[in-house]
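Engineer: Before anything else, here's the structure in question.
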Amino acid sequence: MAEATAASPRVDRARLRGWLQEYGVYAAVAALLLFNVLFTPHFVDAANVRTQLVQVAPIVIVSLGMALVIGTQGIDLSVGSVMALAAAVVVLYLGYGAVPAILMALLAGALVGAAGGSLVAYVGVQPIVATLALLVGMRGLANVLVPQLKEFRNPDLIALGSGSLAGVPFVVVAAVLLTALVAFLVRRTTFGRQLVAIGGNRAASELSGLPVKRVLLTVYVISGVLAAIAGVLATARLQASDPTSLGLFIELSAITAVVVGGTPLSGGRVRVLGTVMGALLMQLLSATLIKHNLPQSWTQMVQAGIILAAVYATRERGTR
Amino acid sequence: MTDTAMIASAGDGNAPVSPRSERISRLLQHHGALMVLLVLVVVGSVAFDSFATPGNAASIIVSSSFLAIIAIGMTFVIISGGIDLSVGSLYVLGGVLAAYGSQYGFAVALLLPLAVCGAVGLVQGLLIARAGMAPFIVTLAGLLGARGLMLAISDEGATTYLVEDAAFAALGQGSFLGLTYPVYIAIALALAGMVLLQRTGFGQNVYAIGGNEQAAALMGVPVARTKVWIYLMSGLLAGLAGALNAARLSSGVTILGIGLELDVIAAVVIGGTLLTGGAGGLTGTMAGVLLLGVIQSLINQVGTLTSAFQQVVSGAFLALVVIAQRLLGRAQRLS
Chain C
1 MAEATAASPR VDRARLRGWL QEYGVYAAVA ALLLFNVLFT PHFVDAANVR
51 TQLVQVAPIV IVSLGMALVI GTQGIDLSVG SVMALAAAVV VLYLGYGAVP
101 AILMALLAGA LVGAAGGSLV AYVGVQPIVA TLALLVGMRG LANVLVPQLK
151 EFRNPDLIAL GSGSLAGVPF VVVAAVLLTA LVAFLVRRTT FGRQLVAIGG
201 NRAASELSGL PVKRVLLTVY VISGVLAAIA GVLATARLQA SDPTSLGLFI
251 ELSAITAVVV GGTPLSGGRV RVLGTVMGAL LMQLLSATLI KHNLPQSWTQ
301 MVQAGIILAA VYATRERGTR
Chain B
1 MTDTAMIASA GDGNAPVSPR SERISRLLQH HGALMVLLVL VVVGSVAFDS
51 FATPGNAASI IVSSSFLAII AIGMTFVIIS GGIDLSVGSL YVLGGVLAAY
101 GSQYGFAVAL LLPLAVCGAV GLVQGLLIAR AGMAPFIVTL AGLLGARGLM
151 LAISDEGATT YLVEDAAFAA LGQGSFLGLT YPVYIAIALA LAGMVLLQRT
201 GFGQNVYAIG GNEQAAALMG VPVARTKVWI YLMSGLLAGL AGALNAARLS
251 SGVTILGIGL ELDVIAAVVI GGTLLTGGAG GLTGTMAGVL LLGVIQSLIN
301 QVGTLTSAFQ QVVSGAFLAL VVIAQRLLGR AQRLS
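Chains C and B, in that order, are what the protein sequence lines are. The letter at position 265 of the first sequence is residue 265 when you use this note's numbering, and the numbering goes up by one with no holes. The letter at position 247 of the second sequence is residue 247 when you use this note's numbering, and the numbering goes up by one with no holes.
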């Protein structure tokens, strides 16, 4: 008994840390929601909830892909530029109708993902540089294709951005469906198992005969396609293609959402719902600060603090 | 001075290798940026009358000097196996602080940005070295935090402080032999950095940590202390570059520096420093910085191409360089 009491503080701390890593983000979201319901006027109005969800949807979609990539011990910095490229491609092909244009945009996203994925999987370039090159190059390409803000009048695409299904905006519906799809992919498919195994121990996965390179390539393609979907949805909502600023810095928001959601940067684990919660937490946080008249600068500093706290709580053996 | 000493990869040399292909691939890996730079300068001089003029050369060098100062710190960080994403924000923060401080005189204008940016670097270094957190994520938080701090000082970016102190403005604008003072400061810092990296125990420690951190720790290298110094230095240099740029522009412009960290990392990687750490050097980095400047200048010369096109070229170039690095590295290991 005496031994047990002596050891208990350490055990408790480890347990607390494990608990924080697992459920910290849910607790934080719940706490912020409670705070806002109590102290922020008009927070639970349908209009406000709708605005917040519509704003967070593209970040959620991008973060899903980022979570998969981080699960393989990689990182995808190119997502913001892929959004911009998708925005550029979708207006270029809008003359053929909304559906072909959207398909072309998704194809562009898949191609960029394939480029990054082959650099990572087959050439062996570190993910951070491979996708950095794509970040710089694809933003440039998007700007070359569509040099300035270009408005469009295609009714189908506009409907996609501003229409809703039973009161829920299409953009939010898309985010929910994609979340379910990615969660299914991670939890219930061989591909998901292989992905997590590769992130956990690449050498062991290779030795046990997993198609490591193919899985890595596919993961980056998925991330590219998801980013392209986010780009198309954001463009549809804006009713204009804005390759210069669409998706700028979204890679940082996405990485933040993933890390705050409890997915370790060291790979081997993907938390899909945690990621969505991470994105929601950041959105709620900035909404709370804005509604209480604190400036943007505060939001960024608080965000920085939260990232550090989340990583500190989940740190184990991360190196980069 | 050779810049290619790599104690970390000295083990590779033990295998029997064919000397010539070995030498060529090493040469390409370490001086590839310099060679491409020379080729581009020759091509540019032949193709455009207004390229190889003293005025254009000076403008490339002057505008590259700020990037060069930041890249010196980044080279140390990357050789040690880390990454510093906060430099772009610290650059802007340094500029705003310098302009703000200039109303209290020269010393405050110079020391305030150094103190604040150095402090940010120090905190990042401590979190990375002592708390064992990933450099990527710590400096990502630094990027956000420093940007927030800059916005808080400048009324959400609405206030642009003007440089009040004439002596401080002269530091950025005065020139000697056609080049402004920041160029000489960048050169002096680069030379000091080379000595530090190649000729001191500290530099050896940086390579050792980047090569194999556990082994370095077992050999008695003061890993944590070295890392703290590296990130402190990177923060200081980014702040200094920002302050000098504010002196050049006579104001603390708040909209600069977005994505600058990526340019700096690109310059360092193009210069032959491996992102995995343990190998690289400052001559390559300087060549990488100038190379980016020359590419930009060439694209401006063409005239019909926009700056967006420059991004496409630098992105493609960065991809080519890393692919080449991988293939050359593989060839070295196989041969």
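Every residue gets a Cβ at the ideal spot worked out from N, C-alpha and C, and that includes glycine. As the structure is a prediction and not an experimental result, all values here were calculated from the model.
1) If we define contact as Cβ-Cβ less than 8 Å, is G145(B) a contact residue for chain C?
2) Listing by chain order, which chain B residues have their CB less than 8 Å from the CB of A28(C)?
3) Just checking my contact of Y220(C) with V82(C) at CB under 8 Å: how many whole Å lie between their CB atoms?
4) Counting only Cβ-Cβ distances shorter than 9 Å, please list the residues of the region 241-262 of chain C near chain B, keeping chain order.
5) Under 8 Å, do T276(B) and G81(B) count as touching if we go by C-beta distance?
6) Can you list the residues of chain C that T276(B) reaches, using a CB-CB cut of under 9 Å?
7) What would DSSP say about V253(B), mapped onto helix, strand or coil?
8) Considering only residues of the same chain and omitting the five flanking positions on each side of V182(C), which have a CB-CB separation below 6 Å?
9) Closest to G324(C) by CA distance: which of L157(C), T51(C), I250(C) and V56(C) is it?
10) Could you check whether the Cβ of N143(C) sits closer than 8 Å to any Cβ belonging to chain B?
11) Using only the alpha-carbon positions, how far apart do V260(C) and G278(C) sit?
12) Mind listing which residues of the region 286-299 of chain C have their C-beta closer than 8 Å to chain B's C-betas, in chain order?
13) Please decide whether Y220(C) counts as near chain B, where near means a Cβ-Cβ distance under 8 Å.
14) Please tell me whether M301(C) has its Cβ less than 8 Å away from any Cβ of chain B.
15) Please list, in chain order, all residues of the same chain as M233(B) whose beta carbon is under 8 Å from its beta carbon, the five residues on each side excluded.
16) Give the C-beta separation of C117(B) and G259(B) to the nearest angstrom, bearing in mind that I take them to be a contact with Cβ-Cβ under 8 Å.
17) Please tell me whether Q296(B) has its Cβ less than 8 Å away from any Cβ of chain C.
18) Checking the sheet assignment: what are the DSSP bridge partners for L179(B)?
19) At a Cβ threshold of 8 Å, is G315(B) touching chain C?
20) May I ask you to report which of helix, strand or coil DSSP gives V168(C)?
21) Which residues in chain B have a C-beta closer than 8 Å to the C-beta of A130(C)? List them in chain order.
22) Tell me the rounded alpha-carbon separation between T33(C) and L284(C).
23) Between V287(C) and the rest of its own chain, which residues show a CB-CB distance below 7 Å, the 5 nearest in sequence each way excluded?
24) Helix, strand or coil for A71(B)? Go by DSSP, reduced to three states.
25) Near G11(B), what residues of its chain come up, given a Cβ to Cβ distance below 6 Å and the 5 sequence neighbours on each side ignored?
26) Applying a beta-carbon distance threshold of less than 7 Å, which residues of chain C neighbour R326(B)?
27) At least one CB of chain C closer than 8 Å to the CB of M133(B): is that the case?
28) Roughly how many angstroms separate the alpha carbons of Q325(B) and A47(B), rounded to a whole number?
29) Under 8 Å between the Cβ atoms of V311(C) and I70(C)?
30) Tell me which same chain residues have a C-beta within less than 6 Å of the C-beta of Q296(B), skipping the five on either side of it?
31) Given T139(B), which residues of its chain have a CB within under 7 Å of its CB, disregarding the five upstream and five downstream residues?
Structural biologist: From the atom records:
1) Here the question's residue 145(B) lines up with position 145 in the second sequence. At a cut-off of 8 Å between C-beta atoms, G145(B) counts as an interface residue with respect to chain C.
2) Here the question's residue 28(C) lines up with position 28 in the first sequence. What A28(C) touches in chain B: nothing, since even the nearest Cβ is about 16 Å away.
3) Position 220 of the first sequence, counted from the first residue, corresponds to residue 220(C). Position 82 of the first sequence, counted from the first residue, corresponds to residue 82(C). With 8 Å as the limit, Y220(C) and V82(C) do not qualify as a contact, their Cβ atoms being about 11 Å apart.
4) Along the region 241-262 of chain C, going in chain order, the ones with a CB nearer than 9 Å to a CB of chain B are P243, T244, L248, F249, L252, I255, T256 and V259.
5) By 1-based counting over the second sequence, the position of residue 276(B) is 276. By 1-based counting over the second sequence, the position of residue 81(B) is 81. Their beta carbons are under 8 Å apart, which means T276(B) touches G81(B) by this criterion.
6) For the purposes of this step, residue 276(B) is taken as the residue at position 276 of the second sequence. Chain C residues near T276(B): Q126.
7) The residue you call residue 253(B) lines up with position 253 of the second sequence. V253(B): coil per DSSP, three-state reduction.
8) Position 182 of the first sequence, counted from the first residue, corresponds to residue 182(C). Shown here for V182(C): same chain residues with a beta carbon closer than 6 Å to its own, the five before and five after excluded, namely L64 and V272 in chain order.
9) Since the displayed chain C opens at 1 and closes at 320, residue 324(C) lies outside it and no answer follows.
10) Stepping through the first sequence from its first residue, residue 143(C) is reached at position 143. At a cut-off of 8 Å between C-beta atoms, N143(C) counts as an interface residue with respect to chain B.
11) As a first step, residue 260(C) is located in the first sequence; it is residue number 260 there, counting from the start. As a first step, residue 278(C) is located in the first sequence; it is residue number 278 there, counting from the start. Distance from the CA atom of V260(C) to the CA atom of G278(C), rounded to whole angstroms, is 5 Å.
12) The region 286-299 of chain C vs chain B, Cβ under 8 Å: P295, Q296, S297, W298 and T299.
13) Position 220 of the first sequence holds residue 220(C). Interface annotation, Y220(C): not in contact with chain B, CB-CB separation never under 8 Å.
14) Residue 301(C) sits at position 301 when you count from the first residue of the first sequence. For M301(C), the answer is yes, since a Cβ of chain B falls inside 8 Å of its Cβ.
15) Residue mapping note: residue 233(B) aligns to position 233 of the second sequence, counting from 1. If the five residues before and after M233(B) are omitted, its C-beta is found closer than 8 Å to the C-beta atoms of G73, F76 and G121, all from its own chain and listed in chain order.
16) Here the question's residue 117(B) lines up with position 117 in the second sequence. Here the question's residue 259(B) lines up with position 259 in the second sequence. For C117(B) against G259(B), the beta-carbon gap comes to about 18 Å, at or over 8 Å, which does not count as contact.
17) In the second sequence, residue 296(B) corresponds to position 296, counting from 1. Output row for Q296(B): interface = no.
18) Position 179 of the second sequence, counted from the first residue, corresponds to residue 179(B). F176(B), per the DSSP bridge assignment.
19) What you label residue 315(B) is simply residue 315 of the second sequence in a count that begins at 1. Judged by the 8 Å Cβ criterion, G315(B) is in contact with chain C.
20) Counting from 1 along the first sequence, the entry for residue 168(C) is found at position 168. DSSP places V168(C) in strand when its eight states are reduced to three.
21) Working through the first sequence from its first residue, we reach residue 130(C) at position 130. Listed by position along chain B, the residues whose Cβ is nearer than 8 Å to that of A130(C) are A319 and V322.
22) For this step, residue 33(C) is matched to residue 33 along the first sequence. For this step, residue 284(C) is matched to residue 284 along the first sequence. Rather than Thr, the amino acid found at residue 33(C) in this sequence is Leu. Their Cα atoms are separated by approximately 8 Å.
23) Position 287 of the first sequence, counting from 1, holds the residue named residue 287(C). With the sequence shown as reference, residue 287(C) is identified as Ala, and Val is not the correct amino acid for it. The answer, listed in chain order, is Q52.
24) Locating residue 71(B) in the second sequence gives position 71, where the first residue counts as 1. Helix, per DSSP.
25) Counting from one through the second sequence, the residue named residue 11(B) turns up at place 11. Bear in mind that the predicted position of G11(B) carries a pLDDT of just 40, short of 50, making it too unreliable to give a figure here.
26) Your numbering for residue 326(B) matches position 326 in the second sequence. Residues of chain C with a Cβ closer than 7 Å to the Cβ of R326(B) are, in chain order, V123, G124 and V125.
27) Sequence index remark: in the second sequence, residue 133(B) carries index 133 (1-based). By this cut-off, M133(B) is an interface position.
28) On the second sequence, position 325 is the one that residue 325(B) refers to. On the second sequence, position 47 is the one that residue 47(B) refers to. Taking the straight line joining both Cα atoms gives about 29 Å.
29) Counting from 1 along the first sequence, the entry for residue 311(C) is found at position 311. Counting from 1 along the first sequence, the entry for residue 70(C) is found at position 70. I70(C) is positioned such that its CB atom lies no closer than 8 Å to that of V311(C).
30) Taking the first residue of the second sequence as 1, we reach residue 296(B) at position 296. Answer for Q296(B): Q310, listed in chain order.
31) As a working note, residue 139(B) is residue 139 in the second sequence. Closer than 7 Å at Cβ, skipping near neighbours: I83, D84, L85, S86 and Q124.
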